[in-house]
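In the numbering used here, the protein residues as written are 5 to 234.
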């Protein structure tokens, strides 16, 4: 329990962008998992430490951490640990311009997510594959992956993955000199972005309305309580 809590606190500091504090909690969690022989927890923490190094631009250190987590995931036959480690390795390889290596990792992630029925993760995987292909100078292959990502997003009825997919589609069409489709993709990107902002505003308004109503109900209850006392 302590090991899991330390890791979770590290995750919170990581999301807040306080990487020194996140590292401190991860490094406190790691020996506890190791002492317990809790390999899945140990692999998760190692992966998290790699994420900090990647954020700080220490890509070689991050790669070593991800490779270590991947080896543990394979030994444990844990698809989730393997998926996370391979996806993160793809990010590092792409930053290091090792595009063929990045594509190999993303293809492995794609197979894992398809095997697991992880539809929610597929659009981002297709996007990552497409981006690596585009950087490698293969815009047609990139567009093929992006089309697959659009199909899954439509199946999920989710606008969120479409934002980055349409934006990258515009870049791929531009690389081919297809300005008509590049323009149309950019327009669709703008439409999806606007829809997402509307959704965020609607959620915020609903949250504020709920808080306002709750405060109103609390005041009414307080007044009724006073009436009852009188």
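Every residue, glycine too, gets a C-beta built ideally from N, C-alpha and C.
Asked: Validate contact between the segment 76-85 and the segment 94-105 using beta carbons, cut 8 Å, 3 pairs; Found: no
Asked: Backbone secondary structure at residue 100 - three-state DSSP; Found: coil
Asked: Neighbourhood of residue 45 by C-beta, 8 Å cutoff - its chain only, sequence neighbours within 5 removed; Found: 7, 8, 11, 33, 37
Asked: Under the three-state DSSP convention, the category residue 53 falls into; Found: helix
Asked: Proximity below 8 Å, CB of residue 138 to CB of residue 179; Found: yes
Asked: Continuous alpha helix (DSSP H) stretch holding residue 42: start and end; Found: Segment: none, residue 42 is in no alpha helix (DSSP H) and carries neither H nor E.
Asked: Alpha-carbon spacing of residue 82 relative to residue 140, whole angstroms; Found: 31 Å
Asked: Where residue 180 falls: helix, strand or coil (DSSP); Found: coil
Asked: Continuous alpha helix (DSSP H) stretch holding residue 154: start and end; Found: 143-160
Asked: Contact check, residue 58 vs residue 92, beta carbons under 8 Å; Found: yes
Asked: Residue 80, DSSP secondary structure in three states; Found: helix
Asked: Cβ-based burial, residue 109 [other Cβ within 10 Å; buried from 16]; Found: buried
Asked: Closest by C-alpha distance to residue 121, when choosing among 164, 65, 205, 156; Found: 156
Asked: C-beta atoms of residue 54 and residue 73 nearer than 8 Å; Found: yes
Asked: Proximity winner among 158, 161, 162, 131, relative to residue 148 (alpha-carbon distances); Found: 131
Asked: Residue 36 in three-state terms, based on DSSP; Found: helix
Asked: Close Cβ partners of residue 218 (< 6 Å) along its chain, the five nearest in sequence each way excluded; Found: none
Asked: Bounding residues of the alpha helix (DSSP H) (the contiguous stretch that carries residue 139); Found: 126-139
Asked: Buried/exposed call for residue 198, threshold 16 Cβ in 10 Å; Found: exposed
Asked: Among 40, 133, 96, 189, the one whose alpha carbon lies nearest that of residue 64; Found: 96
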